[in-house]
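Visitor:
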Amino acid sequence: MLILTLNCGSSSIKYQVIEAETEATRAVGTVERIGMSGAILTHKRDFEQAIKVTGEILDHAQALEYILGVLLSKNHGVMSDLNEISAIGHRVVHGGETFNHSVLITPKVYNEIRDTIELAPLHNPANLKGIDACSRNLPGKPQVAVFDTAFHQTLPEKAFLYGLPYVLYKRHKIRRYGFHGTSHFYVSNRLYDIAGIEKENSRVITIHLGNGCSMAAILNGLSQDTSMGFTPLEGLLMGTRSGDLDPSAILFIMNKEELSLSSANTLLNKHSGLMGISGVSSDMREIIQEMENGDKKAKNAFDIFCYRVKKYIGSYAAALGGVDAIVFTGGIGENAALVREHVLAGLEFLGVKLDKEANSNGPKERKITTKSSKTQVWVVPTNEELVIARDTIKIIFGVQKVISD
Amino acid sequence: MIHSLDELKTKQSAPENKFIPQIAVIGGGIMGQGIAQTASSNGIEVILVEKNEKLAEIALKHLDSSMNQEIERWSLTIGEKKSIMSRIKTTGKIEDAAHCPIIIEAINEDFGLKKRLFHLLDQACDPSTVIVSNTSTLNLTKLADETNRPDRVIGMHFLNPVPKIPLVELIRAMKTSDETFTMVKEFAETQLGKKVVEVFEYPGFVTTRVIIPMINEAMQVFSEGIATAEGIDTAMKLGYGFQTGPLALADMMGLDDVLMWMEQLWQQLGEPKFRPAPVLRRMVREGKLGKKSGEGFFKYDEDR
Numbered sequence: 002m003l004i005l006t007l008n009c010g011s012s013s014i015k016y017q018v019i020e021a022e023t024e025a026t027r028a029v030g031t032v033e034r035i036g037m038s039g040a041i042l043t044h045k046r047d048f049e050q051a052i053k054v055t056g057e058i059l060d061h062a063q064a065l066e067y068i069l070g071v072l073l074s075k076n077h078g079v080m081s082d083l084n085e086i087s088a089i090g091h092r093v094v095h096g097g098e099t100f101n102h103s104v105l106i107t108p109k110v111y112n113e114i115r116d117t118i119e120l121a122p123l124h125n126p127a128n129l130k131g132i133d134a135c136s137r138n139l140p141g142k143p144q145v146a147v148f149d150t151a152f153h154q155t156l157p158e159k160a161f162l163y164g165l166p167y168v169l170y171k172r173h174k175i176r177r178y179g180f181h182g183t184s185h186f187y188v189s190n191r192l193y194d195i196a197g198i199e200k201e202n203s204r205v206i207t208i209h210l211g212n213g214c215s216m217a218a219i220l221n222g223l224s225q226d227t228s229m230g231f232t233p234l235e236g237l238l239m240g241t242r243s244g245d246l247d248p249s250a251i252l253f254i255m256n257k258e259e260l261s262l263s264s265a266n267t268l269l270n271k272h273s274g275l276m277g278i279s280g281v282s283s284d285m286r287e288i289i290q291e292m293e294n295g296d297k298k299a300k301n302a303f304d305i306f307c308y309r310v311k312k313y314i315g316s317y318a319a320a321l322g323g324v325d326a327i328v329f330t331g332g333i334g335e336n337a338a339l340v341r342e343h344v345l346a347g348l349e350f351l352g353v354k355l356d357k358e359a360n361s362n363g364p365k366e367r368k369i370t371t372k373s374s375k376t377q378v379w380v381v382p383t384n385e386e387l388v389i390a391r392d393t394i395k396i397i398f399g400v401q402k403v404i405s406d
Numbered sequence: 002m003i004h005s006l007d008e009l010k011t012k013q014s015a016p017e018n019k020f021i022p023q024i025a026v027i028g029g030g031i032m033g034q035g036i037a038q039t040a041s042s043n044g045i046e047v048i049l050v051e052k053n054e055k056l057a058e059i060a061l062k063h064l065d066s067s068m069n070q071e072i073e074r075w076s077l078t079i080g081e082k083k084s085i086m087s088r089i090k091t092t093g094k095i096e097d098a099a100h101c102p103i104i105i106e107a108i109n110e111d112f113g114l115k116k117r118l119f120h121l122l123d124q125a126c127d128p129s130t131v132i133v134s135n136t137s138t139l140n141l142t143k144l145a146d147e148t149n150r151p152d153r154v155i156g157m158h159f160l161n162p163v164p165k166i167p168l169v170e171l172i173r174a175m176k177t178s179d180e181t182f183t184m185v186k187e188f189a190e191t192q193l194g195k196k197v198v199e200v201f202e203y204p205g206f207v208t209t210r211v212i213i214p215m216i217n218e219a220m221q222v223f224s225e226g227i228a229t230a231e232g233i234d235t236a237m238k239l240g241y242g243f244q245t246g247p248l249a250l251a252d253m254m255g256l257d258d259v260l261m262w263m264e265q266l267w268q269q270l271g272e273p274k275f276r277p278a279p280v281l282r283r284m285v286r287e288g289k290l291g292k293k294s295g296e297g298f299f300k301y302d303e304d305r
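This is the structure we're talking about:
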């Protein structure tokens, strides 16, 4: 039994084929530049080199056709009949306040996802296109939506409301939603399995550092607070996003520099963060390299990045009344030992004793604190696709509530 | 080994929307550059046609430097600029544009020139090609009559700067067919991401017709010494919530172009409210053309 997972962006689709019984990934791939000239399909089977095909792909439906084509192809395929796919699991970015768990996509659910378009104008329309494409190309197959926001729907009001007139929450649903929920859910649950920590009575801080960066404070398995907010711009410093900022600063800048709304949006989302501060790169690897070459601005960017994470650890430890374990994940979180070292430096008062050797080397999934450390710190590679596949399987076999269980 | 996407087709299905993969833009001035940039940034291939290859390359250079300014002003990224440039090809030959389903003309606002161009395009292009004019004051129906396809001629009035202004006026000439209108409307809305206002052909359409008298009046007020340029713009900006005051707006449009529009509207509509303020004539004579010449009602410092 195979599950197809899809992550549809405005001009891209990422896909995986996952075997339900073994949870093994049979194939992964992406289609990029949909609706643009020179679309690229990249496809890779387990233990094989990736293949690339370019051409014209006009819309998501056509992209899915090609994906199904390569999955069936003689030399690179992973199935002989599309009926081997039992269901499709979609990553949907925004579930608003409607969805606190993954759901089977029915016409009613479809309309509710459409109703949240205003909250995620860049992402939700693409997710709907992906769902439409599956309805057309794989008619009758059950489809499941797994929401990036669902895991954080357990936030209490005191954590999700902003200090704005309450009527704005009522009128426009302005509140903290949080993102990367699937990743925070996965790594925290993985931690309960491997660290000998009971989910009940546990206080965990998860740190997802990738292109986007966010943290979550998790009490007894439930998200209590998270650093991204109404949009993925709030919180930590990111590759090109500013993170936390005095809102007045942007109003002041818009006035001084005569910026339009859309320019201000680009400024905050694409020209800020590591890129904006360093002027060098939005990529942490290059920032570290330049810093080691003596570049002051790169060092500044690195320091600000780490300091923000450290500050959030402190505030979440306070919010949780202490911390039993901290987890790093995401591209930077999993690979940048130097970032972890700087973030954790000085946290001995929280019971963190870093094992420098384990921090620098070891298997992908590992503990990086010493045996005597009261608070454990782990590196856990995230696997959002696996959560999507698992939820999809559970839902098509009749279990409805999944992620918030 | 798989060599092309065709080998992966499981079944042939038509895409949901009528997708236009490539357009041609004729004229590499500010409007032509802006239209090319807007189309390309939305993933559409663009052929930019100028009188010769050299002029086309100059246009592309200007576009490159105007995008560099946008990057400095944080409204574009380097990666975005690269991918925009990669989709724009230049040529000096109209024939190279002949196969495009939509051709947008943005050459000088001169009836004789446009007439000749429409004739040439009609000869060179596929009969199904839709010919679009960016004219803001000229008689579109007369231009359409230069072709054997007046039903497939339509006006798209973009405003400068094209990538930033979310509006396009779609102008129906006398014989523009519903089919052409619907196709271009869908193209403008879904592929270019612009809000469309339907306009029936009449000099100045909506935007030019309504803004020009205000600009003209502001110039009158200025020359009568009632307020300074700064004062007039501040009053209108703060008083009525305009983002740009009328005189700064005229500077941005180019005072020579503003003068030409006024004369066209005055001539065609016969109303004295369109008669250009003498101060405008004087400034154009002196070569003060607004932002593009460095001075108009305000001074423009390159380093700003």
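Protein sequence lines, in the order shown, are assigned to chains A and B. Mind the numbering: the first sequence is residues 2 to 406 in this note's numbering, read in order. Mind the numbering: the second sequence is residues 2 to 305 in this note's numbering, read in order. Beta carbons: idealized from backbone N, C-alpha and C, even for Gly. Since this is a predicted model, take the numbers as computed values, not measurements.
Please report how far the alpha carbon of G179 of chain A lies from the alpha carbon of F152 of chain A, in whole angstroms.
Guide: Cα to Cα, the separation comes out at about 9 angstroms.
Visitor: Ends of the beta strand (DSSP E) at Y16 of chain A?
Guide: First-last of the beta strand (DSSP E) with Y16 of chain A: I14 to E20.
Visitor: For the candidate residues B:K115, B:L141 and B:F20, whose alpha-carbon lies nearest to that of F206 of chain B?
Guide: Comparing Cα-Cα distances from F206 of chain B to each of B:K115, B:L141 and B:F20, the minimum goes to B:L141.
Visitor: Does W267 of chain B have its Cβ less than 8 angstroms from a Cβ in chain A?
Guide: Closer than 8 angstroms: no.
Visitor: Run the CB neighbour count on T229 of chain B, radius 10 Å, all protein chains shown included, and call it buried at 16 or more, exposed below.
Guide: Its Cβ having fewer than 16 others within 10 Å, T229 of chain B is exposed.
Visitor: Helix, strand or coil, according to DSSP, for W379 of chain A in the structure here?
Guide: Reduced to three states, the DSSP call for W379 of chain A is strand.
Visitor: To the nearest angstrom, report how far apart G352 of chain A and I198 of chain A are at their CA atoms.
Guide: Their backbone Cα atoms lie some 16 angstroms apart in a straight line.
Visitor: Determine the closest residue to T181 of chain B out of B:L160, B:K238 and B:I132, with distance taken between C-alpha atoms.
Guide: Per the Cα distances, B:I132.
Visitor: In whole angstroms, give me the CA-to-CA distance for E171 of chain B and Q269 of chain B.
Guide: The sequence given here has Leu at residue 171 of chain B, not Glu. Roughly 20 angstroms between the two C-alpha positions.
Visitor: Evaluate the contact criterion for the region 106–113 of chain B versus the region 76–90 of chain B: three or more CB pairs, one atom per stretch, below 8 angstroms.
Guide: Because the criterion of three Cβ pairs below 8 angstroms is not met, the region 106–113 of chain B and the region 76–90 of chain B do not touch.
Visitor: Measure from the alpha carbon of G30 of chain B to the alpha carbon of each residue in B:T209, B:K62 and B:P273, then state which is nearest.
Guide: For G30 of chain B, the nearest C-alpha among the options comes from B:K62.
Visitor: Buried or exposed, going by whether 16 or more other CB atoms sit within 10 Å of the CB of R286 of chain A?
Guide: So R286 of chain A counts as exposed.
Visitor: With a cut-off of 8 angstroms on the beta carbons, I'd call H185 of chain A and G334 of chain A a contact; round off their distance for me.
Guide: With 8 angstroms as the limit, H185 of chain A and G334 of chain A do not qualify as a contact, their Cβ atoms being about 12 angstroms apart.
Visitor: Leaving out five residues on either side along the sequence, give the residues of the same chain with a beta carbon under 6 angstroms from the beta carbon of Y317 of chain A.
Guide: Cβ neighbours of Y317 of chain A beyond the five flanking positions: I206 and A218.
Visitor: Which residue wins for smallest C-alpha separation from E46 of chain B, given the options B:S67, B:K52, B:G33 and B:Q23?
Guide: E46 of chain B has its Cα closest to that of B:Q23, out of B:S67, B:K52, B:G33 and B:Q23.
Visitor: Under 8 angstroms by Cβ, that's how I've got K142 of chain A and H61 of chain A pegged, so tell me the actual separation to the nearest angstrom.
Guide: Actually they do not touch by this definition, with Cβ atoms about 16 angstroms apart.
Visitor: Can you tell me where the alpha helix (DSSP H) holding R282 of chain B begins and where it ends?
Guide: Unbroken alpha helix (DSSP H) run through R282 of chain B: P279 to R286.
Visitor: Taking 8 angstroms as the CB-CB cut-off, is F159 of chain B touching chain A?
Guide: No - not a single Cβ of chain A is within 8 angstroms of the one on F159 of chain B.
Visitor: CA-CA distance, N125 of chain A and G295 of chain B?
Guide: If you take the alpha carbons of N125 of chain A and G295 of chain B, they lie about 45 angstroms apart.
Visitor: Tell me which residue opens and which closes the alpha helix (DSSP H) that V50 of chain B is part of.
Guide: Looking at the DSSP string, V50 of chain B is not in any alpha helix (DSSP H); the run it does join, the beta strand (DSSP E), is E46 to V50.
Visitor: Report the neighbours of P102 of chain B on chain A: residues whose CB is nearer than 7 angstroms to its CB, in chain order.
Guide: Ordered by position in chain A, no residue passes the 7 angstroms Cβ test against P102 of chain B, which lies about 14 angstroms from the chain.
Visitor: Would you call the region 302–316 of chain A and the region 335–347 of chain A touching, i.e. three or more CB-CB distances under 8 angstroms?
Guide: In short, these stretches touch, since the Cβ pair count reaches three.
Visitor: Got a sec, what are the start and stop residues for the beta strand (DSSP E) C214 of chain A sits in?
Guide: Taken as a continuous stretch (DSSP letters only), the beta strand (DSSP E) holding C214 of chain A covers C214 to L220.
Visitor: Counting only beta-carbon atoms, is W262 of chain B nearer than 8 angstroms to chain A?
Guide: Output row for W262 of chain B: interface = no.
Visitor: Measure the CB-CB distance between I27 of chain B and I108 of chain B and report whether it falls below 8 angstroms.
Guide: Yes. Within cutoff.
Visitor: Smallest Cα separation from A302 of chain A: which of A:G244, A:F350 and A:E358?
Guide: The shortest Cα separation from A302 of chain A among A:G244, A:F350 and A:E358 belongs to A:G244.
Visitor: Would you check if the distance between the CB atom of E51 of chain B and the CB atom of G93 of chain B is smaller than 8 angstroms?
Guide: Closer than 8 angstroms, so yes.
Visitor: Please work out which residues of its chain come closer than 7 angstroms, Cβ to Cβ, to G194 of chain B, disregarding the five sequence neighbours upstream and downstream, and give them in chain order.
Guide: The answer, listed in chain order, is N43.
Visitor: Please state the DSSP three-state secondary structure of D47 of chain A.
Guide: Looking at D47 of chain A - three-state DSSP - the assignment turns out to be coil, as it is neither helix nor strand.
Visitor: Which residues bound the beta strand (DSSP E) around S134 of chain B?
Guide: It spans V131 to S134 - the beta strand (DSSP E) in which S134 of chain B sits, taken as one unbroken run.
Visitor: Within this structure, are the beta carbons of F161 of chain A and F100 of chain A separated by less than 8 angstroms?
Guide: No, the Cβ-Cβ distance between F161 of chain A and F100 of chain A is not below 8 angstroms.
Visitor: According to DSSP, simplified to helix, strand and coil, what is I21 of chain B?
Guide: Note: I21 of chain B maps to coil in three-state DSSP.
Visitor: For the region 271–283 of chain B against the region 211–229 of chain B, are there 3 or more C-beta pairs whose distance is under 8 angstroms?
Guide: These segments touch.
Visitor: Report buried or exposed for K79 of chain B, applying the criterion of at least 16 other Cβ atoms within 10 angstroms of its Cβ.
Guide: The sequence given here has Ile at residue 79 of chain B, not Lys. Under this definition I79 of chain B is an exposed residue.
Visitor: Tell me, which residues are paired with L173 of chain A by DSSP?
Guide: The amino acid at residue 173 of chain A is misidentified as Leu; the sequence shows His. H173 of chain A pairs with nothing; no bridge assigned.
Visitor: Between the region 17–32 of chain A and the region 43–61 of chain A, are three or more C-beta pairs nearer than 8 angstroms?
Guide: These segments touch.
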